[in-house]
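One structure is given here, and the rest of the page talks about it.
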Amino acid sequence: MKRINTHLSIIGLLLLLPTVIQAQSVAYNRSGDHLKEYDISYRNQAASVQTLESRILELEKEYKVSFLFDAELLNKKIIKKNRKFNSLERTLDNLLTPFGLTYKKLRDNFYVISSQNKEASSAPGRNTPFPTLQILARSVSTVTGTVTDAKQGDGLPGVNIILKGTSIGTTTNKDGQYTLSLPDGNGTLVFSYIGFTMQEIPVQNRSQIDVRLVEEAKALSEVVVVGYSTKQLSQLSSSVAVVTGKQLNDVTSNNTTSLLQGKAPGIIVSNSSGDPNATPTIVVRGSSSISAGSGPLYVVDGIIGGNANPNDVESITILKDAAATGLYGSRAANGVIIITTKSGKSGKTRIDFNAVTGFNYATTGKFKVMNSQQLYDYEKSFYPPDRFDQEVPASVARQNTNWQNLAFRTGLTHNYVLSISGGSEKTRFYVAGNYYNEQGTLRHNEARRYNLRANITHDINDKLKLNIKLNGRLNRQQADPAGLDGALYGAYNNMPWDNPYLADGTPKRGTEGGWFGREQENFLHGWQFNRNEANGSGLDGDINLDYTILPNLTFSSYNRVGYSTTRSELYYDIRSKAGKGLGRLTNGFIDNLSLITSNRLRYDKNFGKHALSALAVAEAEKNKLQNNSVTGEGFAPGLHVMNTASRILSATGSINENSFSKGLVQLDYNFDNKYFAVGSYINESSSRFGADNRSGNFYTLGASWILSNERFLNTPAFLDLLKVRASYGVTGNAEIGNYQSLGLYSFATQYAGNSAAYPFQMDNKGLTWEKAKSLNLGLDVGLYKRLTLNLDVYSKTTDGLLLNVELPYTSGFGSVIRNVGSIRNRGLELNLNSVNLAGAFRWETNFNIAFNRSKVLVLDQGKDIRQGNLLISEGQELYTWNMRKWMGADPATGDPLWEKITAGPNGEEIRTTTNAYSTATQQNLGSASPDFTGGLSNTLSYKGVTLFAFFNFVSGNQIYHVSRQLFDSDGAYYSYNSMILADGWNRWEKPGDVATHPKPVFGGNKNSNQASSRYLEDGSYIRLRNISLSYQVPNLLAKKIKSEHLKIFVSGDNLLTFSKFSGMDPEVVLGPSGGLSSIKYPISKKLLFGINIGF
């Protein structure tokens, strides 16, 4: 008889064949009565021996696996007690081989034990190792078929098939095929497989039954990486979000972070530029700091730092609350993103090739500038009549240059990935190479990247395992030499009246006579000669060891060396305007070295219904960044080698170093898979802080209760999971720069002709960590094996904000950084996964939404902090817009109007309008932070055809549209092009007009284009981030070309955006110093075609 792990109990019931065939099975009782049948000679050795069957049952519990066997095979076989080796497979080899037995791994956590007699287990179509099944040869009906994955079309190995109401059954082979002999042609077959919905199909005298199994909603037993260990989702007491590598690859990018946009609640990713070399910003649960870093900590393959190519990612776990992030102590206040890369699995070597190619199209949103005729008519309306005809001849209206067409192009994207994985039981490997090339939609802008990863795992012996991970990369970047002031700027502000070409067809400089644009810059001319390029390379090497000291005690050592280097060149040719008649060259050199070692001791013990896990970690890290730059001038045309410069203008360099060390302990407790508790204590030191406060102490506590496992609640059958969670903890933020606590001297001066030094920075021994105190309450619900819901509410208060504090003039210093101030973030997050339809036609939905409010509690002496038009003030929401309130145009005069607030006789507010900008009242007028963000995806599949659509959305934030101050200036910038008014806008033309815009006036209308809520707009948007249509070629067709699987697809990125925003793109930085939209590199729409083939 067979007893299996509780997680596979249903499968076990279907596979208990020996209990039915009484004539050939041996009765077995776990109480120990069966020992009476053993030879009497063993009785005196009871303390040191045990039955083979009892040892196999012990292994089930120790390794959380399931064995299928005939009791007759294991009966009356005696072994030494508690025989165990380093791995499960090694233990089985040593236990079974002496008795002529063997085993086969059908899939993860499921093994079959059988006799080594091949005749008993190798009959064609017979996928059972049991001798007792020979009785079925007398059956009168045989059914064959194939069981496949309804979504991918692949054959599923190890699917359990049983005749309902009996123990007659079998499992599918590696190709998903099966043969089953039945007593007759009646009855119902039950098909079950972990992670898939069980199906019952009547036989109805059929000889062939093919089945397509569909995936269930996310399995509650799914294992995720959390901190320094892995846990099942159902056992977590903390708030985490998991994004699989498959979900990431919905969008094509060379940056892993950008792919997280909209995929998890509480994670705000802002891709505010279409430059393929740009790095997006990411904020987890709101900004926790004002001047210190607000980005999360990255952990790759269990070690802080590192790099991972998007195509090599197996999964990403985002840790959000203190119970999850706390183990990372000082750098966990802004969340932690854990990236796990792919690894090889034992078995057949697998080769996969992915190819994606397509087109990138520039977008401009609703921001449109005028053509020649439109601009001519507009400027004529406000230009002084006696000057207009003289300065702007009518002929210019017939000369129309579309500068945007000259600056932008249709770019190409290529992404090719070749991976090889596989190995034996002792050695597994994953090797992948990637070539990525994306042409930006702005000309002379490109990102090219080569990546090679090798992950190798080797079991040295029964106790020691070695893991080696290498990640190498080369990249080449090309950008506009003039940066934002070049083609990107000129595409919009250059006048359409200006012809960019001379009579011979070569580009003008822009300084020739008859050029109307104020900047007198033609980016086409500079592109001929100038260049802005950077080449980089890097290598991360991990060596990890896992050593089993005792059956329940493991030591692990994780170590990484990371090195990267970048060489950049910015060259302005002597023939270009930027070269200023001399030519200029700047060479930059950046070298970055990081070293980290993390050593861990882990103890796991199960006793009865109790499970205890203890973890101790000692970690040390050192980082060094070296930066050098040399600038020279005086170069011959086309020559950009520094030793040919006639003069070196500057040579600068810097070295930045920091180090961290950490010790921590964590305890995990689990009682009966119902009650869970976790606690940790962390002590961390950093070279960044003052000598008096170099070390910081942090702690976390978490608990959860699975109510659905309680018998007294009489949990209904449709309720898969009902769980409550709570956590609290203190984490820190150390992102302030490397030498802020030291007293520094500057040597950039001379005295009496000699080098001299003077105090540059005050000694700051008391400087210490920002500390975030976080409380999280969570609820997890699973229904009908189709629906999962995760709800979290949280409050996070950051104290000891690192802020610049002004010092008295008598101190000799301007300011010093001190721990003053406090911010609070509160929010709610909801994540919902559902399988709406299951069957041949399948429909899945994922929806997530997050609400967050950031409030400033305390600032230094209550003093406000102003960042442009953003105000940080006590009692107000973080990043509040503070400016004059726009009241439109005066219907009588067309003058601009703003709101003025004065105090009445009784102290009440009196609100009036004024046309004098200086007398208008500055006031709080909205926030740069959104009310909520989220994402929605739907997947529809039918017979290998899959349609996927993913939307992300942002709502409630205000964007300050800086560009309108130049392009919607009411005549102030008459030598710039102007924007076409958006729908619903109109200009004042005559008395009585009710207009959104005042009358245009040459040189400007009474400061109407100065900062005010006139340019403050709703930043809400919904974007179709990705839509794809794929076809999984049936296996039979794929195998004709010797392929295991073949998929073709077409996809589009950023195809639709719904927004009221009048600018190029409502997607702006949503974090510190964010909320602004100026002339920007627009994001690209992408149309991509791809193929995925495996062998």
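Going left to right, the sequence shown walks through residues -23 to -1, 1 to 1072 as mature numbering (1 follows the signal peptide of the UniProt record, and there is no 0) numbers them. Yeah, the Cβ is synthetic: ideal placement off N, Cα and C, and Gly gets one too. Quick caveat, the model's predicted, so the values are computed rather than measured.
Selection from the options that minimises the alpha carbon distance to residue i
i	options	result
L443	K403, L1014, Y466 and S685	K403
S636	N647, A459 and S672	S672
N650	T890, A817, L684 and Y275	L684
S914	D187, F979 and V812	V812
S534	N232, L352, L578 and G1029	L578
R453	E966, N509 and R561	N509
I551	I957, R561 and S545	R561
Y735	G1052, N741, G720 and L690	G720
Y205	G132, A588 and A301	A301
V1027	F1035, K1017, E1021 and Y1008	Y1008
R1002	Y413, I33, Q224 and E37	Q224
L958	P968, S952, Y951 and D947	D947
T745	L1013, F666, A374 and I315	F666
G77	Y676, L50 and R67	L50
T483	H502, G490 and A468	H502
residue 1118	F365, F944 and K446	Residue numbering for the chain in the displayed model covers -23 to 1072; residue 1118 lies beyond these limits and cannot be assessed.
Residue environment, residue i, which counts as buried when at least 16 other CB atoms sit within 10 Å
i	result
G400	buried
residue 1110	The structure shown has nothing for residue 1110, since the chain only spans -23 to 1072.
A668	exposed
N620	exposed
F695	exposed
Y728	exposed
K920	exposed
S265	buried
E356	buried
E30	buried
S1061	buried
R425	buried
S997	buried
K586	exposed
L304	buried
Q93	exposed
T105	Only weak support is given to the placement of T105: the predicted model assigns it a pLDDT of 38, under 50, and the question is left unresolved by the model.
D354	exposed
Residue i: first and last residue of the uninterrupted alpha helix (DSSP H) it sits in
i	result
Q942	R941 to F944
T898	Here T898 belongs to no alpha helix (DSSP H), and DSSP marks it neither H nor E.
K357	S349 to K357
The beta strand (DSSP E) enclosing residue i, as first and last residue numbers
i	result
A725	L721 to Y728
W858	T857 to R861
Y524	R508 to L527
D568	R561 to F584
A905	Segment: none, A905 is in no beta strand (DSSP E) and carries neither H nor E.
A595	H587 to E610
Y412	T404 to Q416
S1061	S1061 to G1071
Integer Cβ distance of residue i from residue j, believed to fall under 8 Å
i	j	result
R486	K554	5 Å
V180	T165	7 Å
A597	S638	5 Å
E291	K319	5 Å
Y413	N392	5 Å
S831	I800	6 Å
Contact test: residue i Cβ vs the ligand SAM heavy atom, cutoff 7 Å
i	result
F46	Although the ligand SAM was asked about, the structure shown includes no ligands whatsoever.
**Report entry** Touch test, the stretch 202 to 219 against the stretch 295 to 307, Cβ-Cβ under 8 Å, three pairs minimum
**Finding:** yes
Query raised in the report: Is it true that the stretch 509 to 523 meets the stretch 406 to 418, where meeting means three or more beta-carbon pairs spaced less than 8 Å apart?
Result: no
Query raised in the report: Contact between the stretch 836 to 843 and the stretch 330 to 348: three or more CB pairs below 8 Å?
Result: no
Query raised in the report: Are the stretch 799 to 807 and the stretch 750 to 770 touching, with three or more C-beta to C-beta distances below 8 Å?
Result: yes
**Report entry** Three or more C-beta pairs below 8 Å linking the stretch 851 to 859 and the stretch 899 to 919
**Finding:** yes
Query raised in the report: Looking at C-beta atoms only, is the number of pairs between the stretch 687 to 701 and the stretch 755 to 764 that lie closer than 8 Å three or more?
Result: yes
Query raised in the report: Would you call the stretch 273 to 286 and the stretch 515 to 534 touching, i.e. three or more CB-CB distances under 8 Å?
Result: yes
Query - Meets three-Cβ-pair contact criterion under 8 Å: the stretch 921 to 935 and the stretch 887 to 897 - result: no
Requested in this report: Examine the Cβ distances between the stretch 125 to 134 and the stretch 1005 to 1024 and report whether three or more of them are shorter than 8 Å.
Outcome: yes
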